[in-house]
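Scroll down for the structure; my scribbles are underneath it.
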Amino acid sequence: MSPSSETAQGGKRLVIVESPAKAKTIKGYLGPGYIVEASVGHIRDLPKTAAEVPDKYTGELRRLGVDVEHDFTPIYVVSAEKKAQVTKLKQLLAESDELFLATDEDREGEAIAWHLQEVLKPKVPVKRMVFHEITKAAIQEAVANPRQLNQRLVDAQETRRILDRLYGYEVSPVLWKKVMPSLSAGRVQSVATRLVVERERERIAFTSASYWDLVAVFGTGRTPADSANPETFGARLSSVDGKRIASGRDFGQDGQLRTANTLHLDETAARALAAALERTAFGVRSVESKPYRRSPYAPFRTTTLQQEASRKLGFGAKRTMQVAQKLYENGFITYMRTDSTTLSETAVTAARAQVTQLYGADYLPDAPRVYASKVKNAQEAHEAIRPSGDRFRTPAETGLSGDDFKLYELIWMRTVASQMKDAVGQSVTVRVGGTAADGRDVEFSASGKIITFHGFLKAYVEGADDPNAELDDRERRLPQVSQGDPLAAEQLTPEGHATKPPARYTEASLVKELEDREIGRPSTYASIIDTIINRRYVFKKGTALVPSFLSFAVVNLLEKHFGRLVDYDFTAKMEDDLDRIAAGQAESVPWLKRFYFGEGEGAGGAAEAGNGDGDHLGGLKELVTDLGAIDAREISSFKLSDEITLRVGRYGPYVEKASAEADQPGQRADIPDELPPDELTVELAEELLAKPSGDYELGHDPETGHMLVAKDGRYGPYVTEVLPEGTPKTGKNAVKPRTASLFKTMSLDTVTLEDALRLLALPRVVGTDPEGVEITAQNGRYGPYLKKGTDSRSLTSEEQLFTVTLEEALAIYAQPKQRGRAAAAPPLRELGTDPVSERPVVVKDGRFGPYVTDGETNATLRKDDDVATITPERGYELLAEKRARGPVKKAAKKTVKKAAAKKTAATKTAATKTAATKTAAKKTAAKKTTAAKKTTTAKKATAAKTTAAKKTATKKAAAEKTAAEPGQEA
Numbered sequence: 010m011s012p013s014s015e016t017a018q019g020g021k022r023l024v025i026v027e028s029p030a031k032a033k034t035i036k037g038y039l040g041p042g043y044i045v046e047a048s049v050g051h052i053r054d055l056p057k058t059a060a061e062v063p064d065k066y067t068g069e070l071r072r073l074g075v076d077v078e079h080d081f082t083p084i085y086v087v088s089a090e091k092k093a094q095v096t097k098l099k100q101l102l103a104e105s106d107e108l109f110l111a112t113d114e115d116r117e118g119e120a121i122a123w124h125l126q127e128v129l130k131p132k133v134p135v136k137r138m139v140f141h142e143i144t145k146a147a148i149q150e151a152v153a154n155p156r157q158l159n160q161r162l163v164d165a166q167e168t169r170r171i172l173d174r175l176y177g178y179e180v181s182p183v184l185w186k187k188v189m190p191s192l193s194a195g196r197v198q199s200v201a202t203r204l205v206v207e208r209e210r211e212r213i214a215f216t217s218a219s220y221w222d223l224v225a226v227f228g229t230g231r232t233p234a235d236s237a238n239p240e241t242f243g244a245r246l247s248s249v250d251g252k253r254i255a256s257g258r259d260f261g262q263d264g265q266l267r268t269a270n271t272l273h274l275d276e277t278a279a280r281a282l283a284a285a286l287e288r289t290a291f292g293v294r295s296v297e298s299k300p301y302r303r304s305p306y307a308p309f310r311t312t313t314l315q316q317e318a319s320r321k322l323g324f325g326a327k328r329t330m331q332v333a334q335k336l337y338e339n340g341f342i343t344y345m346r347t348d349s350t351t352l353s354e355t356a357v358t359a360a361r362a363q364v365t366q367l368y369g370a371d372y373l374p375d376a377p378r379v380y381a382s383k384v385k386n387a388q389e390a391h392e393a394i395r396p397s398g399d400r401f402r403t404p405a406e407t408g409l410s411g412d413d414f415k416l417y418e419l420i421w422m423r424t425v426a427s428q429m430k431d432a433v434g435q436s437v438t439v440r441v442g443g444t445a446a447d448g449r450d451v452e453f454s455a456s457g458k459i460i461t462f463h464g465f466l467k468a469y470v471e472g473a474d475d476p477n478a479e480l481d482d483r484e485r486r487l488p489q490v491s492q493g494d495p496l497a498a499e500q501l502t503p504e505g506h507a508t509k510p511p512a513r514y515t516e517a518s519l520v521k522e523l524e525d526r527e528i529g530r531p532s533t534y535a536s537i538i539d540t541i542i543n544r545r546y547v548f549k550k551g552t553a554l555v556p557s558f559l560s561f562a563v564v565n566l567l568e569k570h571f572g573r574l575v576d577y578d579f580t581a582k583m584e585d586d587l588d589r590i591a592a593g594q595a596e597s598v599p600w601l602k603r604f605y606f607g608e609g610e611g612a613g614g615a616a617e618a619g620n621g622d623g624d625h626l627g628g629l630k631e632l633v634t635d636l637g638a639i640d641a642r643e644i645s646s647f648k649l650s651d652e653i654t655l656r657v658g659r660y661g662p663y664v665e666k667a668s669a670e671a672d673q674p675g676q677r678a679d680i681p682d683e684l685p686p687d688e689l690t691v692e693l694a695e696e697l698l699a700k701p702s703g704d705y706e707l708g709h710d711p712e713t714g715h716m717l718v719a720k721d722g723r724y725g726p727y728v729t730e731v732l733p734e735g736t737p738k739t740g741k742n743a744v745k746p747r748t749a750s751l752f753k754t755m756s757l758d759t760v761t762l763e764d765a766l767r768l769l770a771l772p773r774v775v776g777t778d779p780e781g782v783e784i785t786a787q788n789g790r791y792g793p794y795l796k797k798g799t800d801s802r803s804l805t806s807e808e809q810l811f812t813v814t815l816e817e818a819l820a821i822y823a824q825p826k827q828r829g830r831a832a833a834a835p836p837l838r839e840l841g842t843d844p845v846s847e848r849p850v851v852v853k854d855g856r857f858g859p860y861v862t863d864g865e866t867n868a869t870l871r872k873d874d875d876v877a878t879i880t881p882e883r884g885y886e887l888l889a890e891k892r893a894r895g896p897v898k899k900a901a902k903k904t905v906k907k908a909a910a911k912k913t914a915a916t917k918t919a920a921t922k923t924a925a926t927k928t929a930a931k932k933t934a935a936k937k938t939t940a941a942k943k944t945t946t947a948k949k950a951t952a953a954k955t956t957a958a959k960k961t962a963t964k965k966a967a968a969e970k971t972a973a974e975p976g977q978e979a
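Okay, so the sequence shown: first residue is 10 according to the numbering used here, each after it adds one.
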C-alpha cells in the first residue's frame, strides 16, 4: 500500500519532522496510512534583509523586523527557498485527516512546530508527537501518546530570537562604523570572544619564572622478581631543611614568588646541592598507604560529548554535532541536544545486560547507578546521549564506518561504563630522606598507584584537556619498602623548569568555560564557536583558539561602551530570565521592554548601575543612540611602547612608530596574518618596522620618466610605477599605474631596476602564427603561460616568459593540448597514517602551494606551517578541519540560472515544438532530431538569460535597500 492509503482507522495522517533523513527513517517504522514529510528546518523566521519585509512595513520596523513600539511583535516571513516546501506541505495536508507535528522536543523544535501550525493553518486535528530516539518502539509510542503544543516553550524561544535580533541589529552597526565593515555582535558570541581575548591578555601580561629541583632514582639493592614489581623508583626533591621546594604553582603572573616559607632554587644552587648529595646515605622515612577509588563518569550530555570528542577524536564541536545529528536521525543514538545525564529504565537495563555479557557479573554493581544533572537550568526532560533501543548494538554490529563509527563507539563505551563498578586500588606515598655533605637535611617524595580492580576502567577512560595530565587508568608501581629501609641514589639529576602562561582555550575547554559560567545554551556552543572563527575574531593554531587583533579592537569597544552586554554575570542572568519565561514565572514583553528601553528602577536594562549613569538603568536603545563619545582611533589602538602603537585598520592590523620630528610622517608596517597577539613584542615590532615595507625606489623608467618602486603588499612583493601628481585616478580619464608581481625567484632585497622594467613589459609578444594570430607570453594567477586567441598553454618556468621563441611557442602549440592531469609529482614528505581516514598522509606541492592529503581530503598548509618541520599531528589536524568544513558549496547564481531556464522553457514548450516541426519539414528525416534539439536549446538559452537578467536586476534593487545581515545566535 502507498503512504497515502487508508489506515486501519480509516484516515490519512501527515507527520512532519525537520529533516529528510529523519523522515525516511520514521516512515519505515510507521508504514501505510502515514505520510512522513520534512519541513527542512525552519520554514519561516525574522527577515534577513529589508527586501524580504512586506512593503507595508517601513522605518525601524523594516530594519529590525521587530515592532519594538507594539509589544515587540515580530515580522515572520517564509523564505524564498522554503516556499516550494510549504506549498508541498499544504497539498499533503489537504489530503490528510490528522496532522502530527513531530519536531524535536526542545525550545527550537517546539517553535518550529508552532510556525508550521501558524503557516499551514490546518483544519484537521493537530497533535504534538515527541520522542527522544528514533526506534520503532519509540515512534509507535509517540504516535499513541501525543500531547499539545507547549506555548511556554514557544514564548521562551521567540523571546530568545527577538533578543538576539535586537542585540545583533543594534550593536553590529556600531562595530561597522567604529571598527570595520561587515562585523557582527551577538549575545553569546561576543562574550565567548571576550573570554578568548582575556586569556590572551593574561598571556601578554605573563612573565616567566625559572626554578630548579632535583630528580633522583633510588634502588633497594634487591633483584626484581619480574617487570611488574620494580626495585627502583623515581622521586623528586620536596624539601630542604624543612622548607618546601618552590614549584610552578608558587609563582604569580609577574614571575615573582608569592608563597612564603618556600625555597627557590636556581641552577647554581641545584647543581651545588646535587654535588653535596653524591655520597649521602638515604633511607625511607615514611610510607603512607590509603585506598584508591574511582567512580564511573556520567553518560554524555551535549557539552561533555563535545569535550571528549575533541580530546579523544580530535573533532571540533561543529563536527561532533554534525556526526551526532546523523547518528540520531538514522536511529543509532538518542537526541544529542540535552543537558541531562539521566538514563531511562530501558537504557539502564540494556547497559547492565551488556556489562554482564561483555565483562562478566563481577563488573556489575548490585543496583543501577543514577546520575543527577548538575546543570543549573537543565532544559527539557531528555535522556542522556546513549545508544538507542532497548538493546544496545555494539559498534561492530552497527555497520558504521569513519566518523560515524568512532563517535558511536565513544557514546556506547561511555554509556556501558556508567553502569559498571568502581575502580579500586591503593595509592602510596613514600618519603626518602638524607643529610648532605654540608649538613643540610633533604627529603624526596614519590607517589604510586596500584589498581587492584579496574571496574569501569575496563570499558572507558576519560581524556584530559592537559596533554601532560595522568589518566585514571595509569598505574605507578613502587617497590615494597618499609620505614627505615636503606636506599641507594643511583641518579641525582638537577632539572630546570620555567613557568608557562595560562593555556589558550581549545574548543573543548571553551565549551566547558561557557557551561561553568552558565552563559548561553549548551546546544548552541558549537554554532557559537563556528561563528567567532568564521567572523575572523578567532583562528586556530593547532587545537588552540587564538584571538585576532581585530577581536581585541571589538572587545575593547564593547567593554568600554557596552560593558553590561559582555559582562559574564549579566549574560548568565539573561539566561536565567529566559528560563523563567519558559517556566511561566516571567512574562516576555515586560522583560524585553526593560532590556531594550530600560524602563523602571531595578529593571535590569542593558546599562545597569555600575555601567550607566548612577541609578539610571538605560536600555539597549539608549546605548546605541549616541555614538559621538566613541573614538574609533582610540578603540583600535594599543600601546606597545612609548613610541610604537598597534593599530587595527580597515585593511588589517599594523604597527606604527611616531617620527622624532612632529611634521614628519611615522613608520608603518603590516603585521603578518595569524600572528598570535602574545608574540607581538616591541622587539618584533621594531624588526617589522625595519623591513623595507615602504616604497623601495629602483630608479626611473627611461621611456616614461616615472619612478619605479618595489613594495611588499598584502598579497606579496611587487613593482609599480609612481604616476606624476595631478594624474586622474578616478573617472573616465583615470590612469592606473602599471604593476607586476615579483617572480618566486626574486625578493625585495635583490630586485633591480632592470628586473622591474622586464616585469612591467609583460605580457610580451612572442610573434604570430602562420595564420596571423598573435602569441603572447603572460604571467597569470596559475603561473606563466602562452596565449593565442582563446588557446592557452602553460610554460614550465617564469624565466621562459622572456626567453621563449616563436619557434618554441609553435612547437608547444603543435602538441595536443593536455586534457588530463600531468603525471603526479612525488610527495615532498610522508607523515604517517591519518587516525580518522586510516590512509597514508603526505605533503605535496600544488597550484596554490604545499598541502597535505590522504588521497580523499586536501588541506592547504597555513602561513605558519613549514614543509620541513610540519608534524604528523599538525597534518592530521589540518585534514580534520577541512573535513569539518565540508565540501565547497557551488555559487547560488548558477542554481538561479538553471531554475530560470527550466521555468522559462516550460512556458515556451508549445512554441518550441512548432518551430521544430517547421524546420523538420524542410529537411530530411535524418536531420529532424538534430534541428529540433538545436532550436530548443537556443530558445531555452535565450529565455534563461532574459529571466536571469530580470531576477538579477530585481535582487540588485532590493539589495540596495538593506544593510548586511549581522551575526545572530543559534
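Just so it is clear, CB atoms sit at the ideal spot from N, CA and C, and this is done for glycine as well. Quantities reported herein were computed from a predicted structural model and do not represent experimental measurements.
Buried or exposed by the 16-neighbour rule on C-beta atoms within 10 Å, applied to residue i
i: F80; result: Note that residue 80 is Asp in the sequence shown here, rather than Phe. Exposed, because fewer than 16 other Cβ atoms sit within 10 Å of the Cβ of D80.
i: P300; result: exposed
i: K602; result: buried
i: Q435; result: exposed
i: H124; result: buried
i: E150; result: exposed
i: K942; result: Caution is warranted here: a pLDDT of 42 is assigned to K942, below 50, making its placement in the model unreliable, and the coordinate value is therefore given only provisionally. With fewer than 16 Cβ atoms within 10 Å of its Cβ, K942 is classed as exposed.
i: Y791; result: exposed
i: P134; result: exposed
i: S668; result: exposed
Any non-hydrogen atom of the ligand MG within 6 Å of residue i CB
i: E150; result: Ligands in the displayed structure: none, and consequently the ligand MG is not present.
Under the three-state DSSP convention, the category residue i falls into
i: N742; result: coil
i: S560; result: helix
i: R423; result: helix
i: Y705; result: strand
i: E27; result: coil
i: G251; result: coil
i: Y38; result: helix
i: I460; result: strand
Beta-carbon gap between residue i and residue j smaller than 7 Å
i: G841; j: V861; result: no
i: D106; j: G40; result: no
i: G340; j: T144; result: yes
i: L707; j: A719; result: yes
i: P531; j: E522; result: no
i: D250; j: D447; result: no
i: V197; j: I537; result: yes
i: P488; j: E240; result: yes
i: R526; j: A591; result: no
Range covered by the beta strand (DSSP E) that runs through residue i
i: E734; result: First-last for E734: undefined, no H or E at that position.
i: V845; result: Looking at the DSSP string, V845 is not in any beta strand (DSSP E), and its letter there is neither H nor E.
i: V535; result: A quick correction: the sequence has Ala, not Val, at residue 535. Counting along the chain, A535 falls outside any beta strand (DSSP E), though it belongs to the alpha helix (DSSP H) covering 534-543.
i: E665; result: 661-666
First and last residue of the uninterrupted alpha helix (DSSP H) at residue i
i: N867; result: Unbroken run through N867 is the beta strand (DSSP E), 867-869; no alpha helix (DSSP H).
i: Y66; result: Neither: Y66 is in no alpha helix (DSSP H) and is coded neither H nor E.
i: L819; result: 815-823
i: T862; result: Note, T862: premise wrong, no alpha helix (DSSP H); beta strand (DSSP E) at 858-862.
Original post:
For the region 347-399, which segments carrying the alpha helix (DSSP H) assignment without a break, of at least 4 residues, lie completely within its bounds, in sequence order?
Top reply: 354-368
Original post:
For the region 471-528, which segments carrying the beta strand (DSSP E) assignment without a break, of at least 3 residues, lie completely within its bounds, in sequence order?
Top reply: Secondary structure remark: continuous beta strand (DSSP E) runs of at least 3 residues inside the region 471-528, in chain order: 495-507.
**OP:** Report the residue ranges of all beta strand (DSSP E) runs contained in full by the region 124-183; include only those spanning at least 3 residues, in chain order.
**Re:** 135-137
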